[in-house]
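Residues 11 to 299 in the numbering used here are what the sequence shown lists, from first letter to last. From the three backbone atoms N, C-alpha and C, an ideal C-beta is built for every residue, glycine too. Quick caveat, the model's predicted, so the values are computed rather than measured.
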Amino acid sequence: MIDDYLCRFLLEDLDISGAVVRLGPAWRQMLDQRDYAAPVGRVLGEMTATTLLLAGNLKQPGRMTIQLRGGGAVSLLVIDCNEKLQIRGMAKCSGAVADGSAAELLGDGQLQLSLDLPSMREPYQSIVPLTGDSIADIFEHYLEQSDQLPARLFLAASPDAAAGLFLQRLPNAEQRDADGWTRVAALAATVQPAELLSLTAEDLLRRLFGEETVRIFPARTVAYNCPEDWDKVRSMLRSLGRREVYATLHEHGEVLIKDDICNREYRFDALAIDELFGESPTATPPTVH
11 MIDDYLCRFL LEDLDISGAV VRLGPAWRQM LDQRDYAAPV GRVLGEMTAT
61 TLLLAGNLKQ PGRMTIQLRG GGAVSLLVID CNEKLQIRGM AKCSGAVADG
111 SAAELLGDGQ LQLSLDLPSM REPYQSIVPL TGDSIADIFE HYLEQSDQLP
161 ARLFLAASPD AAAGLFLQRL PNAEQRDADG WTRVAALAAT VQPAELLSLT
211 AEDLLRRLFG EETVRIFPAR TVAYNCPEDW DKVRSMLRSL GRREVYATLH
261 EHGEVLIKDD ICNREYRFDA LAIDELFGES PTATPPTVH
């Protein structure tokens, strides 16, 4: 089994769908040089797993971005994922972060989900208040309100791995087995964080649902994707215009662009800015008032 993957499954006799996500190297890449406090890493890992479980349903090229914004010590969690299950993400914190639930870390705030597909004239966006104590609670509540279908999430994260199990009752489930959802949800609730972080999808599903008929679909690879993109940054600076960029250069001696989500900095000295705007090194920059 690959190290970073999403594996969908179906409880065929019950009309209950689900997925398992496991992250190892990709998760450690996202955390590299971030120095998050342990509670921040935990909720970011749980949200990363959740975003992948939801984005795994993208059927065409597109991008799903989920943000949790709050007024607590953790002011922002954001995860971005495309149809290839390429992810990136970050957290913003203010001051020391004490251990606590997601609700305690975030405080009052909102969940914002954006979906950008080529077939859409403009991106779909949904904004709702944060409701629930944990990341799992927050998204279970959101899914029940948006999809009108009960869902369960079981999440775990450590500095080395992040993982999740997702279940959702399909529309005909009650006709197939009136007690099926209650039974399967109770079985899933016996899962331990250590099992989510260590067992393969096959072993986990066998352990939880050994008496059910489970169809497991081929696993899909998940990858951390935050490449350097100097061309994109140069285009952004050109769009700002010569006057504004040279004003920044004059004030600071360089132009610094911070890419927070990828934890990267792009620095431009005077020669680089001259080259960007087609100026010769000896040319006199535009006058800034």
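Option nearest residue i by Cα separation, candidates the options
| i | options | result |
| --- | --- | --- |
| Ile26 | Asp239, Leu175, Met57 and Asp109 | Leu175 |
| Arg79 | Leu121, Pro203 and Leu68 | Leu121 |
| Val243 | Gly220, Gly251, Ala233 and Tyr276 | Tyr276 |
| Ile271 | Gly99, Gly66 and Asn92 | Gly99 |
| Leu16 | Ser144, Gly66 and Leu207 | Gly66 |
| Gly82 | Arg216, Gly288 and Ala112 | Ala112 |
| Asp118 | Leu86, Glu132 and Leu127 | Leu86 |
| Lys268 | Arg252, Ile283 and Trp240 | Trp240 |
Bounding residues of the alpha helix (DSSP H) (the contiguous stretch that carries residue i)
| i | result |
| --- | --- |
| Ala167 | Where Ala167 is concerned, there is no enclosing alpha helix (DSSP H), although the beta strand (DSSP E) it sits in stretches over Ala161 to Ala167. |
| Asp126 | Counting along the chain, Asp126 falls outside any alpha helix (DSSP H), though it belongs to the beta strand (DSSP E) covering Gly119 to Asp126. |
| Lys242 | Trp240 to Leu250 |
| Arg216 | Ala211 to Leu218 |
| Leu115 | Ala112 to Leu116 |
Cβ-Cβ distance between residue i and residue j below 8 Å
| i | j | result |
| --- | --- | --- |
| Phe73 | Asp45 | Looking at the sequence shown, residue 73 is not Phe but Arg. Contact flag unset, no. |
| Pro49 | Asp13 | no |
| Asp157 | Leu24 | no |
| Val31 | Ala161 | no |
| Val107 | Ala47 | yes |
| Leu286 | Leu247 | yes |
| Gln70 | Glu93 | yes |
| Val84 | Leu115 | yes |
| Glu150 | Leu159 | no |
| Leu21 | Thr200 | no |
| Thr58 | Trp37 | yes |
Collapsed DSSP secondary structure at residue i in the structure displayed
| i | result |
| --- | --- |
| Lys268 | strand |
| Asp157 | helix |
| Gln202 | coil |
| Phe287 | coil |
| Arg131 | coil |
| Cys91 | strand |
| Pro181 | coil |
| Val53 | helix |
| Leu36 | For the sequence presented, residue 36 should be read as Ala rather than Leu. Here Ala36 sits in helix by DSSP. |
| Val194 | helix |
| Ser208 | helix |
| Thr231 | strand |
| Thr294 | The predicted position of Thr294 is uncertain, since its pLDDT is 46 and thus under 50; a value taken from the coordinates is nonetheless stated next. Correct three-state label for Thr294: coil. |
| Leu140 | coil |
| Thr223 | coil |
| Tyr15 | strand |
| Ala172 | strand |
Extent of the continuous beta strand (DSSP E) to which residue i belongs
| i | result |
| --- | --- |
| Val27 | According to the sequence provided, residue 27 is Ser. The question's Val does not apply to it. First-last of the beta strand (DSSP E) with Ser27: Ile26 to Leu33. |
| Glu275 | Arg274 to Phe278 |
| Ala188 | Ala188 -> no beta strand (DSSP E), and no H or E assigned at all. |
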